[in-house]
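Residue numbers (this note's numbering): 2 to 83.
I have placed the structure first, in the form of structure tokens, so that the comments after it can refer back to it.
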């Protein structure tokens, strides 16, 4: 499979938005948590839809999983080693 080396800005923005909304879940409980979870879920679904579209458009050999992971690596800090 082709390795994704360049992540389109649109995917980075959508993943950053989804990650920002996920981070807001911390500290919420009850109804406030449920409302924020729906906001995060919508942002994540938007990201996934564009990932799928991009992978299909770029052709055979590029999986949505590779595109998704490359986008997440571009936004999220690397996990600590050890």
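Quick reminder that beta carbons are idealized off the backbone N, C-alpha and C, glycines included.
Remember, predicted model here, so these are calculated numbers, not experimental data.
- Of the candidates 8, 10 and 16, 16 places its Cα closest to the Cα of residue 49.
- Per DSSP, the continuous alpha helix (DSSP H) segment holding residue 18 begins and ends at 10-24.
- Note on residue 7: under 16 other CB atoms within 10 angstroms of its CB, so exposed under the neighbour-count rule.
- Residue 24 sits away from residue 44, with the two beta carbons spaced by 9 angstroms or more.
- Residue 48: member of the alpha helix (DSSP H) spanning 31-59, first to last residue.
- Residue 52 is a Cβ neighbour of residue 72, given a cutoff of 9 angstroms.
- Judged by their CB atoms, residue 13 and residue 57 are not nearer to each other than the 9 angstroms cut-off.
- In the three-state DSSP reduction, residue 68 falls in the helix class (H, G or I).
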